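Quick note on the working numbering: the sequence shown kicks off at 1072 and runs consecutively.
Have a look at the structure below, then the notes.
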Amino acid sequence: MSFQNNPNIEVGWVKAHIGIAGNETAYQLAKKAANEGPKFEIPAPKSFLKKLFKTALLQRWETDWDEGETRRLIRNIIPKVSDIPSPWTTEVIQFATGHGPFPCFLKRFNLYHTNRCACGELGDNALCY
């Protein structure tokens, strides 16, 4: 019987495929296709790869940030990488790196007469400014 001769479709529900020939066959074919069927390789979109790499890099940066021995001062102010302001301004970069108009930094290049700040402390603490 063709669909054109009898266009009515009945949909029903059965508890399981066990014991029903059509369901049993469909189950076996689906199982075979899943185990033995052709393997498809669908390339990941660039956006997915970009997000994957960004996540991995941020996790590594966070670990390095937590375990690093340098720049402890900035980590007291910005404890997590995700808290770092974006985009960075020149002032934030200078503050974070200590490479700015700070006596200790300038003295290293003989651009300032002392490595002490106005309060008399050693000028390596950017918080004085």
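The beta-carbon is built from N, C-alpha and C at its ideal position, and this holds for glycine as well.
Bear in mind that the values here come from a model prediction, so they are computed numbers and not experimental data.
Where residue i falls, given that 16 or more other Cβ within 10 Å makes a residue buried
i, result
"residue 1167", "buried"
"residue 1174", "buried"
"residue 1124", "exposed"
"residue 1111", "exposed"
"residue 1176", "buried"
Residue of the options minimising C-alpha distance to residue i
i, options, result
"residue 1151", "1173, 1091, 1130", "1130"
"residue 1145", "1170, 1105, 1099, 1104", "1170"
"residue 1149", "1160, 1158, 1187, 1136", "1136"
Beta-carbon gap between residue i and residue j smaller than 8 Å
i, j, result
"residue 1082", "residue 1094", "no"
"residue 1156", "residue 1163", "yes"
Inter-residue spacing [alpha-carbon to alpha-carbon] between residue i and residue j
i, j, result
"residue 1192", "residue 1178", "14 Å"
"residue 1187", "residue 1120", "48 Å"
"residue 1099", "residue 1133", "49 Å"
"residue 1102", "residue 1096", "10 Å"
"residue 1106", "residue 1090", "23 Å"
"residue 1122", "residue 1128", "10 Å"
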